[in-house]
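Okay, structure first, notes after.
Protein chains in written order, with my numbering: chain V, 1 to 281; chain C, 282 to 577.
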């Protein structure tokens, strides 16, 4: 056996070991979520449940207002995606298309805001939303800012728009389209992959968002899933069940599921989006 | 104004408005509030440098502790994350590896999961009695594992482990960077008789250095602001956590603002963090001139 194939085998061993370590918490979570509570505590621990208890999922999702939280989350996510796509497309087209001396300067300013620690702006923003707009305990603070374009997505789209064949855009202009029409009829249809990436990231960002709901939501009826998951399971469940790890795991997995599904269907979008930021940044 | 300039501004107006309302305005407001005593029910009272004085003189005993804990976290989590993500990318980039896309998926997935859900999972993993980790230790080694989350050092180590678990995002960026290493440089090095290590050290690393630098800066800025995972551990069921060992800087700010209702002090702390990030980033850029190579 040559040194080359020994190296190969070593590589596969490393990859498999890392995969196991990475996935172990998730596998154990799935296993726990399907166990009887008594089996959760059994010594020695079992990897595969003796009795697979699917009803844990039903129980987990009915012990907290899952549907209500899902609905709140979907409102935030839907408005955010609409806001992000519309505003970022406009802004990115502005940066990609029009030459003027402000362009480069403002683009740099926009990129540098990505390095700002969020907490510096989030305290005054909190005061503005709650004291002056009366938006405490509403979902508005979670999605309204999406309509004002976020630097990361604008950057991503600008890079993409700059790479489009300019002849097509010019042809549309010669045909008498104004800039909005060029954007809507030519640029947007050509940019579906990039727009999908932005939509996917926006979905993930708002589905996963924890700090936003934590700051703004007080009334349990208004919670999003991410907040409701930790809040509800941390308070009432303990009194009800002791620590019902199996139900907590089931609920956590359900909250993860859409992200996992989305990831498998749109893996390319995720990877391209992440890649673009890293390389050009 | 030229037509093109006018069009430019009308297209970027959504961002420009947001920039003013959500960035510039709040930055200025926060700078002003840093010099005031402000509880959200009342109006801000100017107190001059009092907040900064109380920070520096350590009147808030949590401050220096939170700085120490956060820096320790950054120093552990960022290099470990970089090493793991770079190693994974290098291995996946080896020619002719089978199942590359499956491994890539597996490694990438954890970094995308909602912190609320993964936080609950990890709080179970580290649970001293029923958690996955200590039960594995019990089965494999036959001894009782430590109380991970109550221990003043191990609690922080747990946070680092969770952070490294999300190495996949950095790995994807490294993989893309590796695609950009020019093949002719590799071939030239091979012809000159460079072995694998020499090619890695003198071709791959210099070519990849801008990407390493990017991941380093972003990792550092992110790690300095670690918040959610510690907050979730603190408030989640069945996990008791050593609060002072994981009282990260932003968690301390959060508590001052939203628990103690001391918004002035919280803004002062936030500005200290902002300036610290600026200085650390500038230092990194300064240091980077020695090891980061940008192509022509």
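Every residue gets a Cβ at the ideal spot worked out from N, C-alpha and C, and that includes glycine. Computed from a prediction, not measured in an experiment: that's the story for all the values here.
Residue 166(V) versus 152(V), 30(V), 96(V), residue with shortest Cα-Cα distance: Against the first chain, residue 166(V) aligns to sequence position 166. Checking every option, the nearest Cα to that of residue 166(V) belongs to 96(V).
Assigned exposure category for residue 106(V) - 16 Cβ within 10 Å defines buried: Residue 106(V) sits at position 106 when you count from the first residue of the first chain. It is buried - the Cβ of residue 106(V) has at least 16 other Cβ atoms within 10 Å.
Proximity to residue 262(V) [Cα-Cα], best of 380(C), 393(C), 307(C), 334(C): The residue you call residue 262(V) lines up with position 262 of the first chain. Measuring from the Cα of residue 262(V), the nearest candidate turns out to be 393(C).
Simplified DSSP assignment, three categories, for residue 446(C): Walking along the second chain from the start, residue 446(C) turns up at place 165. Correct three-state label for residue 446(C): helix.
Residues of the region 491-509 of chain C whose Cβ lies closer than 9 Å to any Cβ of chain V, in chain order: Going along the region 491-509 of chain C in chain order, one finds 491, 492, 495, 496, 498, 499, 502, 505, 506, 508, 509 with a Cβ nearer than 9 Å to chain V.
Contact with chain V by residue 299(C), beta-carbon distance below 8 Å: To locate residue 299(C), count along the second chain from 1; it is residue 18. At least one chain V Cβ lies under 8 Å of residue 299(C).
Residue 236(V) to residue 196(V) span [Cα, whole Å]: As a first step, residue 236(V) must be located in the first chain, where it is residue number 236. As a first step, residue 196(V) must be located in the first chain, where it is residue number 196. Caution applies to residue 236(V), whose pLDDT of 48 falls short of 50 and renders its modelled position unreliable; the value that the coordinates give is listed next. Whole-angstrom Cα-Cα distance: 39 Å.
Partner residues on chain V for residue 411(C), Cβ-Cβ distance less than 9 Å: Indexing the second chain from 1 puts residue 411(C) at position 130. The answer, in chain order, is 40, 41, 45, 243, 245.
Closer than 8 Å to chain C by CB, residue 194(V): As a working mapping, residue 194(V) is identified with position 194 in the first chain. Chain C, which has no Cβ nearer than 8 Å to the Cβ of residue 194(V), makes this no.
Paired residues, beta bridge with residue 318(C) - DSSP: By 1-based counting over the second chain, the position of residue 318(C) is 37. In DSSP, residue 318(C) forms a bridge with 326(C).
Contact set for residue 547(C): own chain, Cβ-Cβ below 6 Å, skip 5 residues either direction: Position 266 of the second chain holds residue 547(C). Taken in chain order, the residues that qualify are 534, 537, 538.
Proximity test, Cβ basis, 8 Å: residue 577(C) and chain V: Locating residue 577(C) in the second chain gives position 296, counting from the first residue. Low confidence applies here, because residue 577(C) scores a pLDDT of 45, under 50, leaving its location unreliable; read the following figure in that light. Judged by the 8 Å Cβ criterion, residue 577(C) is not in contact with chain V.
Chain V within 8 Å of residue 516(C), Cβ atoms only: Translated into the one-based positions of the second chain, residue 516(C) becomes position 235. With 8 Å as the cut-off, residue 516(C) counts as an interface residue toward chain V.
For residue 191(V), the three-state DSSP class (helix, strand or coil): What you label residue 191(V) is simply residue 191 of the first chain in a count that begins at 1. Coil at residue 191(V), not helix or strand.
Alpha carbon of residue 377(C) to alpha carbon of residue 573(C), nearest angstrom: Position 96 of the second chain holds residue 377(C). Position 292 of the second chain holds residue 573(C). Approximately 29 Å between the Cα atoms of the pair.
Range of the contiguous alpha helix (DSSP H) that encloses residue 399(C): Taking the second chain and counting its residues from 1, the one referred to as residue 399(C) is at position 118. That run of the alpha helix (DSSP H) goes 396-406.
Exposure label - residue 14(V); buried when at least 16 CB within 10 Å: For the purposes of this step, residue 14(V) is identified with residue 14 of the first chain, where counting begins at 1. Exposed: under 16 other Cβ atoms inside 10 Å.
Chain-ordered neighbours of residue 102(V) on chain C, where CB pairs are closer than 8 Å: In the first chain, the residue the question calls residue 102(V) occupies position 102. Correct list: 286, 289, 290.
Nearest-angstrom Cα separation, counted from residue 403(C) out to residue 187(V): As a position in the first chain, residue 187(V) is number 187, starting the count at 1. As a position in the second chain, residue 403(C) is number 122, starting the count at 1. C-alpha separation (whole angstroms): 44 Å.
Contact under 8 Å by Cβ, residue 406(C) with residue 213(V): On the second chain, position 125 is the one that residue 406(C) refers to. On the first chain, position 213 is the one that residue 213(V) refers to. Not a contact, by the Cβ cut-off of 8 Å.
Proximal residues, the region 57-91 of chain V versus chain C, C-beta separation under 7 Å: 87, 90, 91
Nearest-angstrom Cα separation, counted from residue 134(V) out to residue 88(V): Residue 88(V) sits at position 88 when you count from the first residue of the first chain. Residue 134(V) sits at position 134 when you count from the first residue of the first chain. Roughly 27 Å separates the two Cα atoms.
Chain-ordered chain V contacts of residue 572(C) [CB-CB under 9 Å]: Residue mapping note: residue 572(C) aligns to position 291 of the second chain, counting from 1. Correct list: empty, because the minimum Cβ distance to chain V is about 18 Å.
Residue 274(V) - DSSP class collapsed to helix/strand/coil: Here residue 274(V) is taken as the residue at index 274 of the first chain, counted from 1. Helix at residue 274(V).
Chain-ordered residues of the region 430-455 of chain C with a beta carbon less than 9 Å from chain V: Result list: 446, 448, 449, 450, 451, 453, 454, 455.
Segments of 4+ residues assigned as alpha helix (DSSP H) that fall wholly inside the region 52-137 of chain V: Runs of the alpha helix (DSSP H) spanning 4 or more residues and lying entirely within the region 52-137 of chain V occur at 55-63, 66-97, 101-112, 118-127, in chain order.
Under 8 Å between C-beta atoms of residue 356(V) and residue 33(V): Residue 356(V) is absent from the model: chain V starts at 1 and stops at 281.
Against chain V: residues of the region 307-332 of chain C by CB proximity under 8 Å: 307, 308, 310, 311, 314, 321
Where the alpha helix (DSSP H) containing residue 521(C) begins and where it ends: As a first step, residue 521(C) is located in the second chain; it is residue number 240 there, counting from the start. Premise fails: residue 521(C) is in no alpha helix (DSSP H) and is neither H nor E.
Proximity to residue 511(C) [Cα-Cα], best of 354(C), 417(C), 331(C): Taking the second chain and counting its residues from 1, one reaches residue 511(C) at position 230. Closest by alpha carbon: 354(C).
Range covered by the alpha helix (DSSP H) that runs through residue 212(V): The residue given as residue 212(V) occupies position 212 in the first chain. That run of the alpha helix (DSSP H) goes 211-216.
Contact the region 382-400 of chain C vs the region 484-500 of chain C: 3+ CB pairs below 8 Å: no
Span separating the alpha-carbon of residue 288(C) from that of residue 78(V): Working through the second chain from its first residue, we reach residue 288(C) at position 7. Working through the first chain from its first residue, we reach residue 78(V) at position 78. Distance between the alpha carbons of residue 288(C) and residue 78(V): 29 Å.
Where residue 281(V) sits in the DSSP three-state scheme: Within the first chain, numbered from 1, the residue matching residue 281(V) stands at position 281. Low per-residue confidence applies at residue 281(V): pLDDT is 42, beneath 50, and the placement is therefore not dependable, though the value from the model is reported in the following sentence. When DSSP states are grouped into helix, strand and coil, residue 281(V) belongs to the coil group.
C-beta neighbour in chain C for residue 271(V), strict 8 Å: Stepping through the first chain from its first residue, residue 271(V) is reached at position 271. Yes, residue 271(V) lies at the interface with chain C (some Cβ there is under 8 Å from its Cβ).
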